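One structure below.
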Amino acid sequence: MRVSIYQPILLALLILVLPGNVWAGLPESLKVMSFNVRTPVDAAPGKRWEDRRAAMVTMILDVQPAVIGTQELVQEQADYLAAHLPGYRWFGEGRRGGDGDEHMGVFYDSTQMTAEQWGDFWLSDTPDVAGSVSWGNLFPRMVSSNSCRAALALRQPAWFTKKAEPRQARPSREARLVFISTIEIEDETQGKTKARRLRA
3 MRVSIYQPIL LALLILVLPG NVWAGLPESL KVMSFNVRTP VDAAPGKRWE DRRAAMVTMI
63 LDVQPAVIGT QELVQEQADY LAAHLPGYRW FGEGRRGGDG DEHMGVFYDS TQMTAEQWGD
123 FWLSDTPDVA GSVSWGNLFP RMVSSNSCRA ALALRQPAWF TKKAEPRQAR PSREARLVFI
183 STIEIEDETQ GKTKARRLRA
């Protein structure tokens, strides 16, 4: 049993949380990618979204990951990727709620995986409140999660994608505690996450 994890040079983080006996029910090889898409605000040549997006699509189509956890994804980027990645679907809410601002969007290959449940929570004192901020954070920090079942698999893993608060010790520590406690609650309720819209 092995899980192949492809991580591009861009700083990114994808966290996999699997029950102890879940590995036996997964395919022999499962590719997972984490990608910090970076918001399309940089106007420098080579760093603009228009200059980077084709390379991102090419990389994903070449690697063919079952699941992609993204960070700093905005709606226009998600729309482009969804239109250029046949078979991939995505979900995730903006960090302030709704479709605006950055998303921690999760893409999955619908030919390899079936989404069972999905949802979002915020790394704050009030995780269920969209856009909530605590501990001196400058921006809302959030997690998008889902439970996907691989084709012919007996078990379904849970996937979580997030972006940590950089260079701030207390917010990072508190966020980890909220993250862990929320995962434990979801595990106890068998992953019954508050449902959000699944994107085409």
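Sequential numbering from 3 applies to the sequence shown in our numbering. Glycine residues also receive a C-beta, built at the ideal position from the N, C-alpha and C atoms. Keep in mind the model is a prediction, meaning the values are calculated, not measured.
Residue range of the unbroken beta strand (DSSP E) whose run includes residue i
| i | result |
| --- | --- |
| D205 | Not covered by the structure: residue 205. The range shown for the chain is 3 to 202. |
| G71 | 69–73 |
Residue i - containing alpha helix (DSSP H), residue span
| i | result |
| --- | --- |
| W51 | 51–65 |
| Q77 | 77–86 |
Where residue i falls, given that 16 or more other Cβ within 10 Å makes a residue buried
| i | result |
| --- | --- |
| P67 | buried |
| L32 | buried |
| D130 | exposed |
| K165 | buried |
| D122 | buried |
| T184 | buried |
| A80 | buried |
| F37 | buried |
| D127 | exposed |
| D111 | buried |
Simplified DSSP assignment, three categories, for residue i
| i | result |
| --- | --- |
| Q119 | strand |
| S183 | helix |
| S149 | strand |
| D91 | Reading the sequence as shown, one finds Arg at residue 91 and not Asp. Reduced to three states, the DSSP call for R91 is strand. |
| S174 | helix |
| D103 | coil |
| N38 | strand |
| D44 | coil |
| T113 | coil |
| V135 | coil |
| L140 | coil |
C-beta atoms of residue i and residue j nearer than 8 Å
| i | j | result |
| --- | --- | --- |
| V39 | L125 | no |
| N148 | A117 | yes |
| Y90 | R55 | no |
| V135 | F162 | no |
| M227 | I70 | Residue 227 lies beyond the range of the chain shown here (3 to 202); nothing can be said about it. |
| R143 | A177 | yes |
| A85 | W92 | no |
Checklist entry - Within the chosen definition, does the stretch 103–114 reach the stretch 67–79 through at least 3 CB pairs nearer than 8 Å? => result Contact holds between the stretch 103–114 and the stretch 67–79, because three or more Cβ pairs, one in each stretch, are under 8 Å apart.
Item to check | the stretch 95–104 / the stretch 47–66 touching (three or more Cβ pairs under 8 Å) | outcome: The stretch 95–104, when compared against the stretch 47–66, does not touch it at the 8 Å Cβ threshold.
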